[in-house]
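Participant:
Residue numbers (our numbering): 3 to 276.
1. Between the alpha carbons of residue 162 and residue 19, how many angstroms are there, rounded?
2. Are the Cβ atoms of residue 98 and residue 37 separated by less than 8 Å?
3. The alpha helix (DSSP H) that contains residue 242, what's its start and end?
4. Tell me where the alpha helix (DSSP H) around residue 200 begins and ends.
5. What is the DSSP secondary structure of residue 130, reduced to helix, strand or coil?
6. Check for me: the alpha helix (DSSP H) holding residue 186 runs from which residue to which?
7. Should residue 12 be labelled buried (16 or more other beta-carbon atoms within 10 Å of its own) or exposed?
8. Assign residue 182 to one of two classes, buried (16 or more other C-beta atoms within 10 Å of its C-beta) or exposed (fewer than that).
9. Specify the secondary structure class of residue 88 as computed by DSSP and reduced to three states.
10. So that I know if they touch, is there some Cβ in chain C lying closer than 8 Å to that of residue 88?
11. If you count every other CB in all the chains shown that lies within 10 Å of the CB of residue 76, and 16 or more means buried, which is it?
12. Between which two residues does the alpha helix (DSSP H) holding residue 32 run?
13. Please list, in chain order, all residues of the same chain as residue 124 whose beta carbon is under 8 Å from its beta carbon, the five residues on each side excluded.
14. Identify the continuous alpha helix (DSSP H) that holds residue 139 and give its terminal residues.
15. If you measure between the beta carbons of residue 207 and residue 177, is that distance less than 8 Å?
16. Could you tell me whether any non-hydrogen atom of the ligand SAH is closer than 7 Å to the CB of residue 239?
17. Candidates 137, 230 and 110: which alpha carbon is nearest residue 201's?
18. Ordered along the chain, which non-local residues of its own chain (more than five positions away) have a Cβ less than 8 Å from that of residue 348?
19. Below 8 Å on the Cβ atoms is my contact criterion, and I expect residue 156 with residue 194 to pass it. Report the Cβ-Cβ distance as a whole number of Å.
20. Give, in chain order, every unbroken run of the alpha helix (DSSP H) that is at least 4 residues long and sits entirely within the segment 39-74.
21. Determine the contact status of residue 60 and residue 9, defining contact as a CB-CB distance below 8 Å.
22. Could you tell me the alpha carbon to alpha carbon distance between residue 158 and residue 113, rounded to whole angstroms?
23. Is the separation between the beta-carbon of residue 101 and that of residue 15 shorter than 8 Å?
24. Given that a residue counts as buried once 16 or more other Cβ atoms are within 10 Å of its Cβ, and exposed if not, what is residue 260?
25. Taking only the alpha-carbon atoms, compute the straight-line gap between residue 199 and residue 238 and give it to the nearest angstrom.
26. In angstroms, rounded to a whole number, what distance separates the CA positions of residue 83 and residue 126?
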């Protein structure tokens, strides 16, 4: 399962069918009433698909075709609080979340609260056993781009929020993230390890990734961590030592040995400090 390009992802989403009315009794009445207002406008699907097959970015394509799927907080919160709907009404619920994602991306005043709710709901879809392969592929691609977006806007989020989100997606469930997801880890490394707490969270994330993905962790991700590992080991930081200990169980000793040689130096520095 790969990550769809932004235009491919948009094409996959608008190809999904939104129902003309809601008949399910599983959906709470207040939520059903809100959902019924989502389907008033019709999109020129063929025209949009043709434009998406070219080089024009999907955001421009949607805006030029008056894409205006409503962003409804009550609905997004309703699905998050009624997670069983992803089991009983998987097609309807996932389609609404996917269209909401497109609206959030093209919105001029995109709300971080809505972005976080979309994140929460996409995570539910990824962990839903009733989700079809095509649904998982769309959800996985959305989550990848969501995480990249959140990393680039990390200053707007509470400290540590990014690593918690990445860890929750890649390590905290049965979902096996495609290798491209490690790009998110790589891009966040320097930006989010500027504090001791940030370094500690980074190593906890890496340790969890190595435990779950072992030799499937890309070499690039391990190499991105090298300067941060050396810096932390020279200060005898315990999370870095735990990370190296975990690496030694899954990777070649030749890769780990250079780090091990730094640990005694870090210990000496720590002792002399006190």
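For glycine and all other residues, C-beta sits at the position ideal for the given N, C-alpha and C. Computed from a prediction, not measured in an experiment: that's the story for all the values here.
Facilitator: Based on what the coordinates show:
1. CA-CA distance, residue 162 to residue 19, rounds to 38 Å.
2. Closer than 8 Å, so yes.
3. Residue range 240-252 is occupied by the alpha helix (DSSP H) that includes residue 242.
4. DSSP places residue 200 inside the alpha helix (DSSP H), whose first and last residues are 198-215.
5. Residue state, collapsed to three classes: coil.
6. 184-191 is the extent of the alpha helix (DSSP H) around residue 186.
7. With 16 or more other Cβ atoms within 10 Å, it is buried.
8. Residue burial annotation: residue 182 is exposed, with fewer than 16 other C-beta atoms found within 10 angstroms of its C-beta.
9. In this structure, DSSP gives residue 88 a helical state, which the three-state scheme calls helix.
10. No chain C appears in the structure shown, which is made up of a single protein chain.
11. Flag for residue 76 reads exposed.
12. Counting along the chain, the alpha helix (DSSP H) containing residue 32 begins and ends at 31-37.
13. The residues are 99, 103, 141, 144, 145 and 148.
14. That run of the alpha helix (DSSP H) goes 135-154.
15. Contact: no.
16. Looking at this structure, you won't find the ligand SAH or any other ligand, since it has none at all.
17. Answer by Cα proximity: 230.
18. Nothing can be reported for residue 348, as the shown portion of the chain is limited to 3 through 276.
19. Between residue 194 and residue 156 the Cβ distance is about 6 Å, and since that is below 8 Å, they are a contact.
20. Qualifying alpha helix (DSSP H) stretches, in chain order: 47-54 and 60-66.
21. In terms of Cβ geometry, residue 60 and residue 9 form a close pair [threshold 8 Å].
22. Going from the Cα of residue 158 to the Cα of residue 113 covers about 11 Å.
23. Going by C-beta atoms, residue 101 is nearer than 8 Å to residue 15.
24. Residue 260 comes out exposed.
25. If I take the Cα positions, the gap works out to 14 Å.
26. One alpha carbon belongs to residue 83, the other to residue 126, and they sit about 11 Å apart.
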